[in-house]
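**Student:** Residue numbers for the sequence shown follow UniProt numbering, so the first one is 1 and each next one is one higher.
No residue lacks a Cβ here, since even glycine has one placed at the ideal position from N, Cα and C.
Bear in mind that the values here come from a model prediction, so they are computed numbers and not experimental data.
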Amino acid sequence: MAYYRQVGEVPDKRHIQFRDDDGKLYYEELMGEEGFSSDSSLLYHRGVPSAIVASECWELPDPSLVSNHPLKPRHLRLHDLFGTGDAGRTDAVTGRRLVLANDDVRIGYVVAGAASPHYRNAIGDECVYVESGRGTVETIFGALPYRTGDYVVIPRGATHRWVPDTGDGPSRLYVIEANSHIAPPKRYLSRFGQFLEHAPYCERDLHGPGDVLLADGRDVEVLVKHRGDGPGGVVGTRFVYAGHPFDVVAWDGCLYPYTFNIEDFMPITGKIHQPPPAHQVFEGHNFVICNFVPRKVDYHPLSVPLPYYHSNVDSDEVMFYVAGDYRARKGSGIAVGSVSLHPGGHAHGPLPSAIEASLGAEGFDETAVMVDTFAPLRLGQAGVEVDDPAYAWAWAGRSGVPAGSK
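1. When DSSP builds the beta bridges, which residues end up paired with Asp91?
2. Check each candidate in Asp325, Leu25, Leu302 and name the one with the smallest Cα separation from Pro294.
3. Thinking C-alpha only, which one of Phe282, Leu196, Asp252 is nearest Pro185?
4. Once DSSP output is grouped into helix, strand and coil, what is the label at Asp104?
5. Of the choices Pro63, Met31, His45, Tyr256, whose alpha-carbon is the least far from that of Gly380?
6. Out of curiosity, what's the CA-to-CA distance linking Thr259 and Cys57?
7. Report the residue ranges of all beta strand (DSSP E) runs contained in full by the stretch 236-321; include only those spanning at least 3 residues, in chain order.
8. Is it the case that the stretch 383-392 contacts the stretch 347-362, given that we only count it when at least three CB pairs across the two stretches are under 8 Å?
9. May I have the straight-line CA-CA distance separating Ile268 from Leu65, to the nearest angstrom?
10. Alpha carbon to alpha carbon, what distance is there between Leu100 and Asp80?
11. Grouping DSSP H, G and I as helix and E and B as strand, with all else coil, what is Gln194?
12. Which residues bound the alpha helix (DSSP H) around Pro352?
13. Using only the alpha-carbon positions, how far apart do Ala87 and Gly133 sit?
14. Could you work out which residue in Pro61, Lys72, Leu144, Asp298 is closest to Tyr109 when comparing CA atoms only?
15. To the nearest angstrom, how far is the alpha carbon of Phe287 from that of Val318?
16. Relative to the alpha-carbon of Gly210, which residue among Pro350, Ala143, Pro70, Val336 has its alpha-carbon at the smallest distance?
17. State the beta-bridge partners of Glu28 as determined by DSSP.
18. Is Ile262 near the ligand PLP, going by C-beta to nearest heavy atom under 8 Å?
19. Would you call Asp298 buried or exposed, if buried means 16 or more other Cβ atoms sit within 10 Å of its Cβ?
20. Indicate the three-state DSSP secondary structure (helix, strand or coil) for Lys225 in the structure shown.
21. Please return the same chain residues whose Cβ sits closer than 8 Å to the Cβ of Ser180, not counting the five positions on each side in sequence.
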C-alpha cells in the first residue's frame, strides 16, 4: 500500500512494552515485504501468533494444467462453471476453480454463498474482482466490506475469510492470485508513493479495514497456500492454531488489505484510440491488470474507436467481460461472464463487421477486467470444461469448427 493507516490505539514507539489493562503483554507481529526492506505493518496480538498445535497436508482443488496447444485464441464461458444449486454450499476459498495459470499468476473463478474457512496465501498477493454480490472479508487487520465492482487486494500472508451476504444472491468472484506483490503502477506514484495528478485514481478511492475484529477461539483451523513441489510450485497446509488469529487489538503501517471500486477509475481518453496501458489499474511481477469502463471515445473526425489489430509479441491477453456491450467482440459469442484468451503468437482485434459499426460512436458502455501476462498461460481443468470450440474461427466468418481442428 502507498500510505499509512492506524487502527486501534498503539504505543508511542514501536517494539516497546505494550500491555492490556491487567498488565498482560501484547505480542507484536511485524508483517513486512522484501525482508524488512519494503512496506510493513505492526500488529499487536493478545495471543502468540506462532502457536500452532497441528499441521497436515491440504490437498488443493483443481491443480492440473494443460498447454494451449495447438495454439489458438479461446473463449471460456465462466458462468457455466457453477449451477444454480452450487452457490449455497460453495465458499470463496475451497470452491474456486482454476481457469488459467503460469508460474507468475493464477486466474480462478467461484460463485460463493457460504462462509469460507480461515485462509492465508503465502505465495503472493491476491486481487479478487467482485463481479456481483456483497459481503465482508474478515481479516487479521479487521473487517473489510466488499460490493459489486470492488477489487479486493489482500497482501501475501494476511489471514482472512470470505463471508458473503447472500441477501442479494451469492458472490461471483474473479480471483487473480500472484506469485508476487500486486500494487498500483509505479508510473502513477511519486518517488515517495503518493498518487500523482495524472493517475486515474487516488488514495481517496482506496478503502482499508475499519475496526479490529477481536475474535476468541481455541484450536482454530487456517488453510495455507504456500510454495512447494506441487503443480506450479504450489501446495497447501492445514494449520491449527492454539488461539484465534483475529486477536489483534491494534495495528499501524502501510501494508494491509483494501478495496478499490471499478466505478472510481477515471478513464483516460484521447483524440485517437488509446492503447491498453491507458487502462491499467494494478501490476505484479510479469503481469498487469487493466480495466475497461464506460467512457467517451475518440473524437478525431476520422477516428476508429475500436482497437486496431495487434500481435501479442510478449504477452498473453485475458479479458473478463463483466457488463455492458463490448463492441469489438460482437458476433463472436462473447457475452457477460465470458473470458477471452488471446495468446502470444496470434494477431487479434475486433471482428471486421464491428469496425464499421463502431464508426461515429461517441461512447462505449462496457466493463471488462484484463490481465496481460508476459509468460504463456496454460488452461486449468475449469478452463477446459467451458471452452467454446468455435471461437477461434470467428474472424474468418466460420460458424463451426473446421474439420481436423482440435
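**Tutor:** Taking the structure as given:
1. The bridge partners DSSP lists for Asp91 are Ala114.
2. Asp325
3. Phe282
4. coil
5. Restricting attention to Pro63, Met31, His45, Tyr256, the CA atom closest to the CA of Gly380 is found in Pro63.
6. 31 Å
7. Runs of the beta strand (DSSP E) inside the stretch 236-321: 248-253, 258-261, 280-284, 287-292.
8. no
9. 36 Å
10. 16 Å
11. coil
12. 352-358
13. Approximately 12 Å, taken between the alpha carbons.
14. Pro61
15. Approximately 11 Å, taken between the alpha carbons.
16. Ala143
17. Tyr44
18. This structure lacks the ligand PLP; in fact it carries no ligand of any kind.
19. By the neighbour-count rule (16 or more Cβ atoms within 10 Å), Asp298 is buried.
20. strand
21. Asp104, Gly124, Asp125, Gly284, His285, Asn286
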